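See below for the structure under consideration.
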Amino acid sequence: MGLKSTVKKVVGPEQWNRIRSVRQSYGEFKERYVTLPREAYRQMKRYRKYYSRPSGTAAEQIQARLIFHTHQIEKGLSHTQFRYGFGKNTLKEEAQYLKAYMRAVPNYRNTMPYQSAIAALHEYYERHEPEHKEAVEYAQSLFPAEVWKEVVEGAYSNGGSLVITANSKQNNRSATFSQIVDSRHSIREYANQPVTLDELMPALQMAVRTPSVCNRQPVRVHVVTDPVQIKQALKVQGGFNGYPMPPMLLLITADCRDFLNSMERNEGFTDAGLFAMSLMYALEAEGLAACPLNTMFNRAMEETTRSILSIPDYENLALYISVGHFPESVKTCVSERHEVTDIITVH
Ligand SMILES: Cc1cc2nc3c(=O)[nH]c(=O)nc-3n(C[C@H](O)[C@H](O)[C@H](O)COP(=O)(O)O)c2cc1C
330 MGLKSTVKKV VGPEQWNRIR SVRQSYGEFK ERYVTLPREA YRQMKRYRKY
380 YSRPSGTAAE QIQARLIFHT HQIEKGLSHT QFRYGFGKNT LKEEAQYLKA
430 YMRAVPNYRN TMPYQSAIAA LHEYYERHEP EHKEAVEYAQ SLFPAEVWKE
480 VVEGAYSNGG SLVITANSKQ NNRSATFSQI VDSRHSIREY ANQPVTLDEL
530 MPALQMAVRT PSVCNRQPVR VHVVTDPVQI KQALKVQGGF NGYPMPPMLL
580 LITADCRDFL NSMERNEGFT DAGLFAMSLM YALEAEGLAA CPLNTMFNRA
630 MEETTRSILS IPDYENLALY ISVGHFPESV KTCVSERHEV TDIITVH
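In this note's numbering, the protein residues as written are 330 to 676.
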């Protein structure tokens with residue numbers, strides 16, 4: 330007879346059940362108060378060590394900051410209400426990180442981050458020249474002469490803004506998947522027309538087909554159409570400043586109650602990300618314009634958002650998606666991508 334069976338026999342069934350329940354409580358306690366904090370701490374340490382902090386000198390860290398600032402310039406270029414001379418601080422940072430990038434990456438001219446920075450700056454130059462000379466002179470003063478020469482020449486075209494028309498979306502329902510993937514862009518300005526729940530539903534029906542871990546389906550979608558709530562929520566969000574409000578805002582969340590242990594703690598974000606991407610392709614296929622918007626919030630921002638939109642405490646915020654109808658014509662960022670060969674490691 331094994332030790333377990335012997336103890337069970339000696340203590341009797343009632344006592345045995347008590348022991349089992351104590352063991353289970355101890356296991357749960359350990360999982361919640363020892364394993365979960367330890368694993369979250371381990372994850373935090375990796376992030377703390379490698380994220381692109383301002384003093385980071387690794388090429389990848391500098392590249393992240395360069396791409397971030399190029400993106401800010403592209404957003405400025407794509408506003409319908411174009412603001413001449415926009416982005417003085419952004420240009421300064423762009424110049425700083427471009428120079429650091431050129432020092433860190435020997436073949437920088439052949440790389441996407443450099444080329445798309447130059448392309449975005451070229452459009453900035455073209456849109457300001459010749460009537461807003463002071464903006465051009467300011468930008469020129471920030472960059473080395475050989476860089477500015479490439480900016481003026483327009484040496485690259487893979488950056489800046491591009492125009493999207495409502496007409497080009499008319500046959501999206503019969504488009505192939507690769508056409509949908511190629512033609513989808515984040516659209517931040519919409520037609521002055523509401524989006525109804527009926528219009529949204531077909532896209533959501535497609536998105537619920539998204540896989541999730543062990544089919545747990547933790548994703549929840551909060552559909553917001555009240556203009557006051559949208560305005561309040563996006564004011565806190567901060568990444569949509571300067572654009573007219575969208576007619577519909579979706580908040581994608583993940584319900585923590587669908588997960589079983591400390592190892593699953595990030596899975597809701599993975600599932601929500603997959604769901605959101607399906608939804609964005611589905612919206613594009615339905616001829617609706619959309620833009621994912623981050624929920625990278627500190628405590629105060631998160632608490633305010635939860636209160637504005639009545640989000641239950643057990644749901645983690647993953648991201649927003651603003652939704653609207655395509656206007657006749659709208660500009661958006663080129664947002665050039667890395668070459669596939671630059672992102673794969675074949676093992
Ligand atoms: C999770 C996530 C958060 C984003 N947050 C914002 C945001 O706060 N503001 C914004 O204007 N764009 C935001 N974007 C849109 C990105 O800028 C855009 O997806 C990227 O530049 C690629 O361009 P594309 O979507 O047109 O292909 C976000 C995208 C993702 C995936």
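Here a beta-carbon is modelled for each residue, glycine too, at the ideal position from N, C-alpha and C.
Quick caveat, the model's predicted, so the values are computed rather than measured.
- In this structure, ligand 1 has no non-hydrogen atom nearer than 7 angstroms to the beta-carbon of P573.
- Within its own chain, the residues whose Cβ lies closer than 8 angstroms to the Cβ of L533, once the five positions on either side in sequence are excluded, are V550, L608 and A611, listed in chain order.
- Between the beta-carbon of E668 and that of N487 there is about 11 angstroms, and that puts the pair past the 8 angstroms contact cut.
- N501 sits in a helix when the DSSP states are folded into three classes.
- With contacts defined by Cβ atoms closer than 8 angstroms, N645 and G597 form a contacting pair.
- In this model, P342 and E360 are separated by some 27 angstroms (Cα to Cα).
- If you look at Y649, you'll find it in the beta strand (DSSP E) that goes E644 to H654.
- Leaving aside the five residues that flank P556 on each side, the residues in its chain whose CB is nearer than 7 angstroms to its CB run, in chain order, M574.
- Sequence-distant Cβ neighbours of V480 in its own chain, meaning closer than 6 angstroms and more than five residues away, are I447, L450, H451 and Y454.
- In the structure shown, S658 adopts extended strand secondary structure according to DSSP, grouped into three states.
- Set against 7 angstroms, the gap from the CB of T661 to the closest heavy atom of ligand 1 is smaller.
- One alpha carbon belongs to A619, the other to R352, and they sit about 50 angstroms apart.
- Residues with their Cβ less than 5 angstroms from any non-hydrogen atom of ligand 1, running along the chain, are H514, S515, G568, P621, L622, N623, L648 and S664.
- As the crow flies, the alpha-carbon of W345 is around 48 angstroms from that of T624.
- Following the DSSP letters along the chain, one finds H551 inside the beta strand (DSSP E) bounded by residues V548 to V553.
- The secondary-structure analysis by DSSP pairs D671 with nothing; it has no beta-bridge partner.
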